[in-house]
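K.L.:
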Amino acid sequence: MQDTDKNNEIDFHGAAIVDSNGRELPITEEMVQTACSSLDEQKESEDKAA
Numbered sequence: 223m224q225d226t227d228k229n230n231e232i233d234f235h236g237a238a239i240v241d242s243n244g245r246e247l248p249i250t251e252e253m254v255q256t257a258c259s260s261l262d263e264q265k266e267s268e269d270k271a272a
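For the sequence shown, counting from 1, position 5 maps to 227 in the working numbering; every step adds exactly one.
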């Protein structure tokens with residue numbers, strides 16, 4: 223591996239998802255926050271419907 227390639231590597235910190243093209247994408251703080259917000263909204267909707 224060349225030094226330039228090494229500098230372009232993404233540090234996944236052990237957390238990644240694989241997209242439909244087989245590429246590994248790091249799980250970001252924004253992704254986690256968005257998922258949590260979505261779950262909170264879903265739970266609130268279910269509680270109102272019950």
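Positions of the beta carbon are idealized from the N, C-alpha and C atoms, including for glycine.
Source: prediction; values computed, not measured.
In the DSSP output, what is Val254 paired with across the bridge?
P.N.:
Position 32 of the sequence shown, counting from 1, holds the residue named residue 254. Partner(s): none; Val254 has no beta bridge.
K.L.:
Return the CA-CA distance between Leu261 and Asp241, expressed in angstroms with no decimal places.
P.N.:
Here residue 261 refers to the residue found at position 39 of the sequence shown. Here residue 241 refers to the residue found at position 19 of the sequence shown. The straight-line gap from Cα to Cα measures roughly 21 Å.
K.L.:
Measure the C-alpha to C-alpha separation of Ile239 and Ser259 and round it to an integer number of angstroms.
P.N.:
Here residue 239 is taken as the residue at index 17 of the sequence shown, counted from 1. Here residue 259 is taken as the residue at index 37 of the sequence shown, counted from 1. Answer to the nearest angstrom: the Cα atoms are 19 Å apart.
K.L.:
Consult DSSP for Ala271 and reduce its assignment to one of helix, strand or coil.
P.N.:
Within the sequence shown, the letter at position 49 stands for residue 271. The answer is helix: DSSP assigns Ala271 an H, G or I state.
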